[in-house]
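Numbering follows UniProt numbering, with no gaps: position 52 of the sequence shown is 52.
We treat Cβ as the ideally placed atom computed from N, Cα and C, and that holds for glycine.
Below is one structure, written out as structure tokens, with a few remarks after it.
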Amino acid sequence: MTADFTPDRAALRSWLPGFIALAAIWGSSFLFIKVGIRELHPLHLTFYRVAAGAVTLLVVLAVLRDRLPREPRVWAHLFMIGALGVAVPFTLFGYGEQRVESMLAGIWNATTPLIVLPMAVLVFRTERLTARRAVGLGLGFAGVLVVLGVWEGVGGSHFAGQLMCFGAAACYGVGIPYQKKFVAGSAYSGLSLSAAQLLMAMAQLAIVAPLVAGAPPVPTALSGEVVASVLALGALGTGLAFVINLRNIRVAGASTASTVTYLIPVFAVLIGALVLDERLTWHQPVGALVVLLGVAVTQGLIGRRPTPTPTGAPAVPAAEPVLHGRAP
């Protein structure tokens, strides 16, 4: 190996700890959802976690002296992103985990890139479909069928819960290319846009949650573990995790940072097994591996020789957002 292609261990140490921490935080979110829905309606859980995340990001904005967007057009798009990328999928994961294991919800979260690509190609026209990507999509959706265990028949509460989790991933799959097309090119920082979309989602939930589920319980009426789970989902999973993700993008590049998608289900499965004593049937982890293989092919990590980056040139623009990884 020449010096140009030898891994920079110092650079690796600069972003790898944060990369693993991010996967652990987002992977553990499914555990916190499982604990939260013991005492909270899924809509109330989503409202509280979004509120906690919004407060966290607003504090970070104030510390960094950043500001929220001011253009009405941007806020109109953030209203849609707040629904598609936050309010609806967070709630669907809550409903889904009333019926399925937290580790299985973590597996379904990994299918997000399989929805992103066809939406980006067919609807938003922000990407191009190649033969390699088509093969990756085929593999990924074959993995989805294996996870579902369609040969065992469909129906029942467990199957409905899986569809809800897949629906949550599908919302991300629509929201991510929507954000790329209409918002990502704006002059506002990623932190500013994320805080704003959480505020929009919180406003939506403040209206919908009482209508559907009644008034939310006061925090003092909840057990300590549920309150801790809500704070972890909001402050850690939405607030701190976003700051870590931005740093990973800046230090390692967007392409590398996006591969956190592959570690999230690993942590979700490990935490579900160790903490909640959950178990999967054989076809669910096998299907998950096929899904991740398909995602890797669509993202060019398998089946394509990477083009060497000239020495001294950045591999990815530092401001490029991660478009194929999403917080649960």
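For GLY190, the closest of ALA296, ALA254 and LEU16 by C-alpha to C-alpha distance is ALA254. The alpha carbon of GLN179 has as its nearest neighbour, out of ARG49, PRO328, VAL74 and PRO17, the alpha carbon of VAL74.
Going by DSSP, PRO219 is part of no alpha helix (DSSP H) at all; its letter is neither H nor E. Non-local beta-carbon contacts of ARG49 in its own chain, meaning distances under 6 Å to residues more than five positions away in sequence, involve VAL230, LEU233 and GLY234 in chain order. Residues of the same chain with a CB within less than 7 Å of the CB of ALA142, apart from the 5 flanking positions on each side, are VAL290 in chain order. The three-state reading of DSSP puts TRP282 in coil, since its state is none of H, G, I, E or B. Annotation: the continuous alpha helix (DSSP H) that includes HIS77 extends over 72 to 82. Residue LEU139 holds the alpha-carbon nearest to the alpha-carbon of VAL297 among ARG67, GLY173, ILE37 and LEU139.
THR111 and LEU16 have their C-alpha atoms some 24 Å from each other. Residue environment for ALA11: exposed (fewer than 16 other C-beta atoms within 10 angstroms of its C-beta).
Remark: fewer than three beta-carbon pairs, one from each stretch, lie closer than 8 Å, so the region 146 to 153 and the region 75 to 94 are not flagged as touching. Taken atom to atom, the span from the alpha-carbon of LEU246 to that of GLY18 is near 10 Å. Residue state for ARG67 is assigned as coil, using DSSP reduced to three classes. Leaving aside the five residues that flank MET202 on each side, the residues in its chain whose CB is nearer than 6 Å to its CB run, in chain order, VAL50, ALA51 and ALA54. Closest in C-alpha terms to VAL183, from the list SER14, GLY214, ALA206 and THR126, comes THR126.
If you draw a straight line from the Cα of GLY237 to the Cα of LEU193, it comes to about 17 Å.
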